[in-house]
Amino acid sequence: MDKTELIKRCKSKMNQPIVNNFLKDKKNYALFQKALNNSQDKDNVKKLDDAFRNYYKSVKVLSYISKLIYFYSIDYDKKISSYKNKEVYAPDTESNSNDQQDGQQLLEVYFSSQKDLTFADFQQHQTFLDQIEDEGLYQSLKSLKEIQLRILELIYVHGLNNKEVASALDKSEQTISYNHKTALKKLKSHIS
Amino acid sequence: MDNQSLLSALEEGNLLRIISFFEPSIRKNLRNTPYQERSDLEQEITIKILEKIEKLQLLEVPTFFEFIDCGDG
């Protein structure tokens with residue numbers, strides 16, 4: 001069948017973005033015209049077809065993987081947050097007496113108090129600074145105020161948000177936010 | 001790297017090049033994830049891409065005139 005006629009008949013397909021973008025490339029456009037003008041010559045048609053297949057495939061692959069990355073991240077986030085919301089520490093009830101005692105002690109630690117234990121845990125913990133390996137970072141962290149250091153630890157090590165940090169340290173959210181920013185600025189100035 | 005080099009990497013089965021092609025995009029998408037989960041997620045995405053590569057290599061694509069042909073008449 002005559003290719004020119006085919007193209008006239010199927011204008012809607014010709015206007016699709018993928019065709020438009022394909023033909024925007026001068027090389028492809030030249031191939032396209034050659035194929036139209038000498039549509040008897042199979043070689044010209046084949047060249048155009050090959051170029052188009054390549055282009056089409058690369059676009060498909062790119063969009064496929066980009067979407068995969070995008071939606072997989074969203075899925076993963078949902079999975080993590082639902083896991084965090086649903087999974088509760090469940091003590092093993094069928095263990096020997098020694099373990100059971102341990103279990104009960106643990107149970108007390110976890111459930112005896114209404115108070116958020118994150119902060120207590122934080123105090124018992126080896127200090128934040130002890131965990132820093134990088135010498136430069138250690139020095140710049142040391143130059144921060146005590147409260148700024150605590151805020152950084154609660155936010156980046158324990159993953160709390162502003163509100164939670166504020167309640168853990170018994171300060172206003174503004175104070176936390178301000179100190180957080182100042183600390184980061186200070187660290188940045190040490191780097192540069 | 002442009003689309004064409006992505007395609008040639010795909011055809012050669014050069015996994016490292018494919019992954020590095022998508023690295024900026026992966027990193028951008030990591031920003032919505034909590035700090036602690038990021039490297040886990042990055043790894044998961046990379047595995048997912050590697051799993052899908054064979055499927056993409058075998059992807060059937062139409063030729064130009066097959067694509068243009070709208071089929072009526």
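Heads up: the protein sequence lines correspond to chains S and A, in order.
For the record, in the first sequence the residue sitting at position 53 is 53 according to the numbering used here, with numbers rising by one throughout.
For the record, in the second sequence the residue sitting at position 28 is 28 according to the numbering used here, with numbers rising by one throughout.
We put the CB at the ideal spot given by N, CA and C, even for glycine.
Computed from a predicted model, the values in this text were never measured in an experiment.
Within chain S, partners of residue i - CB distance below 7 Å
i	result
Gln43 (chain A)	Result: empty, since nearest Cβ-Cβ is about 11 Å, beyond 7 Å.
Leu58 (chain A)	Simply none; closest approach about 11 Å.
Glu37 (chain A)	Ile80
Leu10 (chain A)	Val61
Asn32 (chain A)	Ser73 and Asp77
Under 9 Å from the C-beta of residue i: neighbouring residues of chain A
i	result
Tyr274 (chain S)	In the structure displayed, chain S extends from 1 to 192; residue 274 (chain S) sits before or after that span and is not available.
Leu6 (chain S)	Phe65, Ile68, Asp69 and Cys70
Ile69 (chain S)	Phe22, Ser25, Ile26, Lys28, Asn29, Ile45, Lys48 and Ile49
The ligand PLP heavy atom lying under 8 Å from the CB of residue i
i	result
Lys142 (chain S)	As presented, the structure is devoid of all ligands, the ligand PLP included, so that no description of it is given.
Inter-residue spacing [alpha-carbon to alpha-carbon] between residue i and residue j
i	j	result
Phe128 (chain S)	Pro17 (chain S)	54 Å
Ser192 (chain S)	Tyr55 (chain S)	44 Å
Phe21 (chain A)	Ser167 (chain S)	44 Å
Lys46 (chain S)	Ile68 (chain A)	15 Å
Pro24 (chain A)	Leu30 (chain A)	10 Å
Ser82 (chain S)	Asp170 (chain S)	28 Å
Arg38 (chain A)	Lys60 (chain S)	27 Å
Thr4 (chain S)	Ala51 (chain S)	19 Å
Leu31 (chain S)	Val61 (chain A)	19 Å
Asn179 (chain S)	Leu6 (chain A)	45 Å
Tyr156 (chain S)	Glu51 (chain A)	32 Å
Anticipated Cβ contact below 8 Å, residue i with residue j, distance rounded
i	j	result
Ile65 (chain S)	Ile49 (chain A)	6 Å
Ala35 (chain S)	Asn44 (chain S)	5 Å
Tyr35 (chain A)	Gly159 (chain S)	7 Å
Ile53 (chain A)	Ile18 (chain A)	7 Å
Three-state class that DSSP yields for residue i in the structure shown
i	result
Gly73 (chain A)	Confidence in Gly73 (chain A) is poor, its pLDDT being 44 and thus under 50, which makes the residue's placement unreliable; the coordinate value appears in the next sentence. If DSSP states are grouped into helix, strand and coil, Gly73 (chain A) belongs with coil.
Gly13 (chain A)	coil
Pro34 (chain A)	coil
Asp2 (chain A)	coil
Glu54 (chain A)	helix
Ser143 (chain S)	coil
Thr63 (chain A)	coil
Ser82 (chain S)	helix
Gln148 (chain S)	helix
Lys171 (chain S)	coil
Leu160 (chain S)	coil
Gln40 (chain S)	coil
Gln16 (chain S)	coil
Asp77 (chain S)	helix
Phe192 (chain S)	According to the sequence displayed, residue 192 (chain S) carries Ser and not Phe. DSSP places Ser192 (chain S) in coil when its eight states are reduced to three.
Glu133 (chain S)	coil
Asp49 (chain S)	helix
Asp40 (chain A)	helix
Glu87 (chain S)	coil
Close Cβ partners of residue i (< 7 Å) along its chain, the five nearest in sequence each way excluded
i	result
Gln162 (chain S)	Strictly speaking, residue 162 (chain S) in this sequence is Asn, with Gln absent from that position. Counting only Cβ-Cβ distances below 7 Å, and skipping sequence neighbours, we find Glu173, Ile176 and Ser177.
Asn187 (chain S)	Going by the sequence as given, residue 187 (chain S) is Leu instead of Asn. Result list for Leu187 (chain S): Ser140, in chain order.
Tyr29 (chain S)	Leu23
Close Cβ partners of residue i (< 6 Å) along its chain, the five nearest in sequence each way excluded
i	result
Lys84 (chain S)	none
Same chain only: Cβ atoms within 8 Å of residue i, ignoring 5 sequence neighbours per side
i	result
Glu11 (chain A)	Gln57
Asn38 (chain S)	Asn44
Chain A contact residues for residue i, given Cβ-Cβ distances below 7 Å
i	result
Gly136 (chain S)	Under the 7 Å cutoff, chain A gives no residues; its nearest Cβ is about 21 Å from Gly136 (chain S).
Lys181 (chain S)	Those within 7 Å of Lys181 (chain S) in chain A number zero; the least Cβ separation is about 17 Å.
Leu48 (chain S)	Phe64
Tyr156 (chain S)	Tyr35
Where residue i meets chain A, residues with beta-carbon distance less than 8 Å
i	result
Ser66 (chain S)	Phe22 and Ser25
Lys42 (chain S)	Residues of chain A passing the Cβ test: none, with the nearest at roughly 12 Å.
Within chain S, partners of residue i - CB distance below 8 Å
i	result
Asn3 (chain A)	Tyr55, Ser58, Val59 and Leu62
Under 9 Å from the C-beta of residue i: neighbouring residues of chain S
i	result
Leu15 (chain A)	By Cβ distance, chain S contributes nothing, its closest Cβ being about 12 Å from Leu15 (chain A), past 9 Å.
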